[in-house]
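Peer 1: So for the sequence shown, our numbering puts the first residue at 268; every next one is plus one. What follows is a structure written as structure tokens; I'll ask about it next.
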Amino acid sequence: MNSVGGRDVARLLRELHEIYSKTTRHEDSILGSMTTKPDPLAVYAFTIFSHTNLADLELFPSLKEMYKDVLDLAGRIYGSNLGYVTAGATESNLIALYVAREIHGSSSKTVLAPDTVHYSVEKACRFLACRLVKIPVGNKPLDPGLLAKYVREYSPFAVVVTAGTTELGLVDPIKEVAEIASTNNVYLHVDAAYGGLIIPFLYERGLVKKNVYFYKGVSSIAVDFHKFAGAPPPAGLILFSNEEYLNASCFEYSYTLSGKICGVLGTRPGGSLAGIWAVVKGMGLDYLRDKAVWAFNVARELFLSINSVEGFEAIEPETTIVAFRHKRLPSNVILDYLAEKGLLLYKAPSIGGLRVVIMPHFNKALIGRLLDSLRSISRSTTNA
Ligand SMILES: Cc1ncc(COP(=O)(O)O)c(C=O)c1O
């Protein structure tokens with residue numbers, strides 16, 4: 268079947284595989300991104316549901332069975348099962364701030380967040396014409412006392428905090444912040460894009476002191492299954508504390524069978540839900556818990572190893588991201604040197620350094636190559 272419908276399939280496949288063979292592989296190279304090699308079962312699930320549109324469950328009612336399992340799990344971990352699948356935290360954060368503005372934004376245009384907040388929140392504020400006031404936190408989790416002061420001064424309609432900040436993996440104190448939000452009738456969104464499927468398990472084991480949970484005062488939580496949990500992207504989840512917030516994010520689409528669509532996207536992959544479902548059913552909580560604890564231990568070991576290389580200093584990780592810098596060399600020089608060795612890290616501009624995000628595809632060889640390369644930089648700068 269060389270030619271199907273006038274297409275030269277064999278040639279197309281050759282071209283496809285040629286490009287594929289040149290494509291970066293997580294397990295060989297990627298140390299700085301929050302993506303990982305997706306779980307093969309989840310990829311299969313994604314693929315066989317690729318014809319479905321998650322925007323209209325009445326057209327594909329069997330998807331509701333999978334939704335129930337996924338939302339039940341969310342209920343068990345976070346304390347609310349009211350929500351839906353999104354294209355990831357960029358969409359979830361935009362939805363959350365839209366809902367916040369609709370319900371709490373009649374007399375304020377201000378959103379407050381620590382300056383460690385992800386760029387997507389800045390972007391959401393631009394879309395929604397809000398003013399984002401960033402609280403300087405000096406690369407530390409947010410101090411609730413400081414937040415209370417800012418709330419008094421700026422009267423925001425929403426506060427956004429992060430569970431697993433993008434550069435350092437810090438956890439803002441959600442429980443304390445929720446009390447402040449509740450007292451002041453402010454919408455509180457928790458961006459747990461990266462940490463949402465790590466922190467609750469570390470908390471359970473006593474490895475971190477703060478949890479991601481619908482404490483009284485938390486309005487919504489964003490979690491990404493396409494990050495640490497290994498579902499194929501896009502696979503985000505937004506959860507709300509009540510039906511009013513959930514409903515405010517849904518819009519009339521009277522021509523569809525469901526009659527409404529929630530969130531920013533219209534047509535969206537049913538494969539996203541199937542991939543998340545496969546992670547939830549196939550791996551389950553025990554697997555995710557073990558993986559989170561494993562990543563926590565790998566992060567601590569890596570932090571100690573980098574600190575033992577002369578010329579480098581690493582920041583002690585609160586969770587599973589290790590940021591480091593060279594005492595004299597600019598981060599771009601290190602980034603480029605490592606890239607030449609096939610090791611792809613991301614920048615951590617707030618410390619003038621780089622970050623390593625411990626992900627399920629990490630292996631001893633990958634970490635060993637990183638440490639060897641740092642030692643080689645150290646030798647050449649010490650001898651220079
Ligand atoms: C804390 C946080 N929020 C939001 C995002 C955006 O996630 P996505 O790119 O999946 O939309 C990221 C991405 O790294 C993140 O770290």
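Note that beta-carbon positions come from the ideal geometry of N, C-alpha and C, so glycine has one too.
Let me check understanding here. Comparing Cα to Cα, which of Val624, Val310 and Val600 lies closest to Gly436?
Peer 2: The option with the nearest alpha carbon to Gly436 is Val624.
Peer 1: Could you give the distance in angstroms between the alpha-carbon of Ala562 and the alpha-carbon of Leu612?
Peer 2: 17 Å
Peer 1: So, are the CB atoms of Gly578 and Gly355 less than 9 Å apart?
Peer 2: no
Peer 1: What are the boundary residues of the alpha helix (DSSP H) that includes His284?
Peer 2: Val276 to Ser288
Peer 1: By the three-class DSSP mapping on this structure, what secondary structure does Phe629 have?
Peer 2: coil
Peer 1: Could you check whether Ile505 and Tyr351 sit closer than 9 Å to each other, using their CB atoms as the reference points?
Peer 2: yes
Peer 1: Nearest-angstrom Cα distance between Lys597 and Gly619?
Peer 2: Looking at the sequence shown, residue 597 is not Lys but Pro. Distance between the alpha carbons of Pro597 and Gly619 is about 7 Å.
Peer 1: Cβ atoms of Ser516 and Ile344: under 9 Å apart, would you say?
Peer 2: Note that the C-beta distance between Ile344 and Ser516 is not below 9 Å.
Peer 1: Excluding five sequence neighbours on each side, which residues of the same chain lie with their C-beta closer than 8 Å to the C-beta of Val528?
Peer 2: In the sequence on display, residue 528 carries Ile and not Val. If we look at Ile528 and ignore the five residues flanking it on each side, its Cβ neighbours are Ala322, Asp323, Cys517, Phe518 and Tyr520.
Peer 1: Do Ser617 and Lys434 have their beta-carbon atoms positioned less than 9 Å apart in this structure?
Peer 2: The sequence given here places Glu at residue 434; Lys does not occur at that position. Going by C-beta atoms, Glu434 is nearer than 9 Å to Ser617.
Peer 1: Quick check: what's the CA-CA separation for Pro501 versus His493?
Peer 2: 6 Å
Peer 1: Whose CA, out of Leu571, Glu607, Lys608 and Gly609, lies closest to the CA of Phe591?
Peer 2: Leu571
Peer 1: Taking DSSP as the reference, what is the three-state secondary structure of Leu540?
Peer 2: helix
Peer 1: Run through the region 312-377 for me and flag every whole alpha helix (DSSP H) of 4 or more residues, listed as ranges in chain order.
Peer 2: 330-345 and 356-371
Peer 1: What does a CB cutoff of less than 6 Å around Phe495 pick up in its chain, not counting 5 residues either side in sequence?
Peer 2: Leu464 and Ile465
Peer 1: Tell me the DSSP secondary structure of Gly436 in three-state form.
Peer 2: coil
Peer 1: In whole angstroms, what is the alpha-carbon distance linking Ile644 and Ala460?
Peer 2: 33 Å
Peer 1: Consult DSSP for Asp491 and reduce its assignment to one of helix, strand or coil.
Peer 2: strand
Peer 1: From what residue to what residue does the beta strand (DSSP E) around Ile527 run?
Peer 2: First, the residue type needs correcting, since residue 527 is Lys and not Ile in the sequence shown. Counting along the chain, the beta strand (DSSP E) containing Lys527 begins and ends at Lys527 to Cys529.
Peer 1: Tell me the rounded alpha-carbon separation between Thr635 and His593.
Peer 2: Note that residue 635 corresponds to Gly in the displayed sequence, not to Thr. Going from the Cα of Gly635 to the Cα of His593 covers about 18 Å.
Peer 1: Just the Cα atoms here: how many angstroms apart are Thr586 and Ala566?
Peer 2: 8 Å
Peer 1: Is Lys494 close to ligand 1? I mean its beta-carbon at under 8 Å from any heavy atom of the ligand.
Peer 2: yes
Peer 1: Using a Cβ-based criterion (distance less than 8 Å to any ligand heavy atom), does Glu358 qualify as near ligand 1?
Peer 2: yes
Peer 1: For Arg649, does the three-state DSSP call read helix, strand or coil?
Peer 2: As written in the sequence, residue 649 is Thr, which differs from the Arg given in the question. Reduced to three states, the DSSP call for Thr649 is helix.
Peer 1: What are the boundary residues of the beta strand (DSSP E) that includes Tyr417?
Peer 2: Note, Tyr417: premise wrong, no beta strand (DSSP E); alpha helix (DSSP H) at Pro411 to Tyr421.
Peer 1: Under a three-way DSSP split, which group does Glu519 fall into?
Peer 2: strand
Peer 1: For Val444, which of helix, strand or coil comes out of DSSP?
Peer 2: In the structure shown, the three-state DSSP call for Val444 is helix.
Peer 1: For Ser288 and Leu474, what's the separation of their Cα atoms in angstroms?
Peer 2: 40 Å
Peer 1: For Ser329, does the count of other Cβ atoms within 10 angstroms reach 16, so buried, or fall short, so exposed?
Peer 2: exposed
Peer 1: So Val531 and Glu358 are supposed to be a Cβ contact under 8 Å. How far apart are they, rounded?
Peer 2: In this structure Val531 is in contact with Glu358, their Cβ atoms being roughly 5 Å apart against a cut-off of 8 Å.
Peer 1: Across which residues does DSSP place Pro381 in a beta bridge pair?
Peer 2: Ile402
Peer 1: Can you tell me the Cα-Cα spacing of Thr303 and Met333, whole angstroms?
Peer 2: 23 Å
Peer 1: In three-state terms, what does DSSP make of Lys614?
Peer 2: strand
Peer 1: Please confirm whether Tyr386 and Ala425 have their CB atoms less than 9 Å apart.
Peer 2: no
Peer 1: I need the DSSP call for Asp306, collapsed to helix, strand or coil.
Peer 2: coil
Peer 1: Between the Cα of Tyr522 and the Cα atoms of Pro307, Leu326 and Gly272, which residue gives the shortest distance?
Peer 2: Leu326
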